[in-house]
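Be aware that the sequence shown starts at 1, since it is given in the UniProt record's numbering, and climbs by one per residue. From the three backbone atoms N, C-alpha and C, an ideal C-beta is built for every residue, glycine too. Worksheet for the structure shown next.
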Amino acid sequence: MDALRLLEPTGLVFGQDAHGAVEAGLAHWLAGGPAAFTLARLIDGDAARMVRAADVPADWLDVLARVTAPLPSADLAPGPQVMGILNVTPDSFSDGGRHFGAEAAIRAGIAMITAGAGLLDIGGESTRPGSVVVTPEEEWARIAPVLAELRLQSDVALSVDTRNAGTMSASLGAGAALINDISALLHDPYALAVVADAGCPVVLMHMRGTPQTMQQFATYDDVAVDVTRELAARIDEAVANGIARDRIIVDPGIGFAKNAAQNIEMMRRLPILANLGCRVLLGTSRKRVLGEMAGVPVASDRDPATIASSLPGLELGNTILRVHNVPAMMQALRVWQGLWTCDKRGRQQAR
Numbered sequence: 001m002d003a004l005r006l007l008e009p010t011g012l013v014f015g016q017d018a019h020g021a022v023e024a025g026l027a028h029w030l031a032g033g034p035a036a037f038t039l040a041r042l043i044d045g046d047a048a049r050m051v052r053a054a055d056v057p058a059d060w061l062d063v064l065a066r067v068t069a070p071l072p073s074a075d076l077a078p079g080p081q082v083m084g085i086l087n088v089t090p091d092s093f094s095d096g097g098r099h100f101g102a103e104a105a106i107r108a109g110i111a112m113i114t115a116g117a118g119l120l121d122i123g124g125e126s127t128r129p130g131s132v133v134v135t136p137e138e139e140w141a142r143i144a145p146v147l148a149e150l151r152l153q154s155d156v157a158l159s160v161d162t163r164n165a166g167t168m169s170a171s172l173g174a175g176a177a178l179i180n181d182i183s184a185l186l187h188d189p190y191a192l193a194v195v196a197d198a199g200c201p202v203v204l205m206h207m208r209g210t211p212q213t214m215q216q217f218a219t220y221d222d223v224a225v226d227v228t229r230e231l232a233a234r235i236d237e238a239v240a241n242g243i244a245r246d247r248i249i250v251d252p253g254i255g256f257a258k259n260a261a262q263n264i265e266m267m268r269r270l271p272i273l274a275n276l277g278c279r280v281l282l283g284t285s286r287k288r289v290l291g292e293m294a295g296v297p298v299a300s301d302r303d304p305a306t307i308a309s310s311l312p313g314l315e316l317g318n319t320i321l322r323v324h325n326v327p328a329m330m331q332a333l334r335v336w337q338g339l340w341t342c343d344k345r346g347r348q349q350a351r
């Protein structure tokens with residue numbers, strides 16, 4: 001796609017106001033609804049200007065069509081989804097060690113499914129800043145028994161959070177439905193081929209460097225624009241290697257290669273991701289930036305901040321919200337839907 005020209009939706013309205021504004025010709029639907037936008041920032045290279053949504057110039061109508069089109073489901077359940085985080089690691093930043101044993105992880109996964117999670121994301125390697133690298137063999141040894149048992153006990157979509165092609169292949173063979181790669185298939189030279197051959201959905205997350213080096217690369221001209229353009233490049237590379245665009249999910253990488261101010265800016269401008277034409281996964285759960293904003297130093301105490309920072313992701317319609325506390329997020333999601341999805345356009349039951 002031409003990522004030099006981006007249309008950033010702003011001036012959002014919801015519910016009956018959104019319907020009224022669209023019917024009056026004052027707004028356009030953002031990614032098919034339930035939000036609509038009344039203003040648009042037209043970004044062409046390094047230049048940007050704001051116009052009313054009703055006044056988008058004719059030569060920008062192709063970009064407008066891209067931003068207003070509903071985002072594909074990526075072969076997963078449609079509508080907003082909550083993804084439960086299941087770290088089978090001793091050193092993850094929030095829950096390291098809590099689910100390290102297979103039995104504890106399986107119990108936690110079943111509890112998340114019972115609470116309403118539509119997906120589980122199982123990880124065997126911590127990716128917090130400065131984390132210790134583990135071998136693919138150790139990673140798979142942690143994941144394998146958990147994945148196998150959860151596949152037996154539930155039909156919920158199981159995702160595996162990994163950068164390693166061998167782990168990807170083994171996980172897909174054991175019943176995983178989705179690969180979630182923080183390196184956007186850059187870490188392992190065989191990863192693109194594994195995902196393309198499997199034809200499975202894949203999450204491409206924005207990051208620079210590695211978890212050990214990423215904070216050295218937190219320099220941007222405009223973080224929202226730069227992240228969108230860099231993700232566009234990764235999407236193009238994936239498609240060129242045989243991965244279907246409509247099976248790609250994008251993640252802006254909150255907390256990865258971004259400082260606090262950049263994370264806040266990215267969270268504030270999530271609608272710009274509609275330019276990519278891919279479903280969005282948002283993972284803010286218990287991140288350090290939330291602790292800095294709220295004055296909460298202990299990660300496990302940041303669930304209210306997680307909810308507040310996750311709900312804006314629903315502006316994009318069928319966003320996947322990746323969280324540690326599934327019951328709390330499910331409550332918040334259902335209330336948000338009750339407030340802002342007033343007809344069949346946006347009324348898709350959360351799971």
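| message | Spatial neighbours of A198 within its chain, please: C-beta separation below 6 Å, excluding the five flanking residues on both sides. | response | L172
Worksheet item: Going by C-alpha distance, which of G45, Q16, E8 and I254 is nearest L30?
Response: E8
Item to complete: Starting from the Cα of E125, find the closest Cα among E137, A115, L119 and G45 and give me that residue.
Response: E137
Original post:
Expressed to the nearest angstrom, what Euclidean distance is found between the alpha-carbon atoms of P34 and A141?
Top reply: 42 Å
request  = Could you please give me the residues that DSSP links to A47 through a beta bridge?
outcome  = Residue pairing of A47 in beta bridges, as defined by DSSP: D44.
From A36 to L12, what does the alpha carbon distance come to, in whole angstroms? 6 Å
Item to complete: Could you tell me whether the Cβ atoms of T306 and V323 are closer together than 7 Å?
Response: yes
| said: Tell me the rounded alpha-carbon separation between Q81 and C278. | reply: 15 Å
With H, G and I counted as helix, E and B as strand and the rest as coil, what does DSSP make of A261? In this structure, A261 counts as helix in the three-state DSSP scheme.
- Query: Rounded to whole angstroms, how far is the Cβ of V250 from the Cβ of L231, which I believe are closer than 8 Å?
  - Reply: About 5 Å; that satisfies the 8 Å criterion.
| query | Mind checking S309: buried by the 16 CB within 10 Å criterion, or exposed? | reply | buried
Query raised in the report: Over what stretch of residues does the alpha helix (DSSP H) that includes residue 356 continue unbroken?
Result: This structure cannot speak to residue 356, because the chain is shown only from 1 to 351.
- Considering only residues of the same chain and omitting the five flanking positions on each side of D75, which have a CB-CB separation below 7 Å? P201 and R247, listed in sequence order.
Legend entry - Nearest-angstrom Cα separation, counted from T341 out to H19: 10 Å
Which same chain residues end up closer than 6 Å to V296 when comparing Cβ atoms and leaving out the 5 residues on each side of it in sequence? R302
TODO: Using three-state DSSP, classify M1 as helix, strand or coil.
DONE: Reduced to three states, the DSSP call for M1 is coil.
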